[in-house]
Structures are given as C-alpha cells and as structure tokens.
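Remarks on the structure that follows.
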Amino acid sequence: MTQWYPASPALWQGRDDSIEAPDARRLFQTVTRSETFSPENWQQKIALMGFACDEGVKRNAGRPGAAGAPDALRKALANMASHQGHERLVDLGNWVAPTPDL
C-alpha cells in the first residue's frame, strides 16, 4: 500500500537575487507546495509529484537509489532561474511504497 507525504520545505531553498534585481527569481521562490494531496485544487497548475520507491529497481536486479530521486530533483530545481510560467508549478509531494506490495 502506498502512502503520500508532502515535500519538505527544506528542499525548496536557494539564493535570493531579488535584492539586487527584483525581477530575478528562482524556482524556490515561485513553486507552490501542497500540504495535502488534493490535485483537484490545482487544475490550472503544472504538478510535480514523486514516486519514492526502489521496488521496481529491486525486482529487475538493479541498483537501489531511485527512491531518493524525487527529492534530489527538487533540490536541483530549486536554485534554477524562474521564467514566465513557472509560477504555475505546484509540488504535490511524494508517494512512497513502504512495503514490496505495490
């Protein structure tokens, strides 16, 4: 059975350039984090949602580590420059499969 968790706010941090250039924003300043899994509330947004699970990799004799990918991606995206349209990005958190029963 899968469980849902909101993304940690600590992942969405970065350098703030708005002091020198008010229009210079980064993704961490424009993304909206959802504290509840309610996709119906975000129909006009672009959703980022993770599936933090190594089970598929294990079943195919691969190397575990995929479970950390959603949060690693958030951390990498956070400090990227934000352009027009990025304010539509909403983070819907991660689905996690704590047992092998997908």
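Under the UniProt record's numbering, the residues of the sequence shown are numbered 1 to 102, in order. Yeah, the Cβ is synthetic: ideal placement off N, Cα and C, and Gly gets one too.
Exercise. Anyone know if the C-beta pair for THR2 and HIS86 falls short of 8 Å?
Worked result: The beta carbons of THR2 and HIS86 sit no closer together than 8 Å.
Problem set entry | alpha helix (DSSP H) segment containing GLN29, residue limits | Looking at the DSSP string, the run of the alpha helix (DSSP H) that includes GLN29 is 27-30.
Problem set entry | Counted within 10 angstroms of its Cβ, other Cβ atoms place LEU27 as buried (16 or more) or exposed | So LEU27 ends up on the buried side.
Problem set entry | ARG33, DSSP secondary structure in three states | Here ARG33 sits in strand by DSSP.
Exercise. Can we say the region 46-60 touches the region 12-20, given the rule of at least three CB pairs closer than 8 Å?
Worked result: Contact fails: fewer than three Cβ-Cβ distances are below 8 Å.
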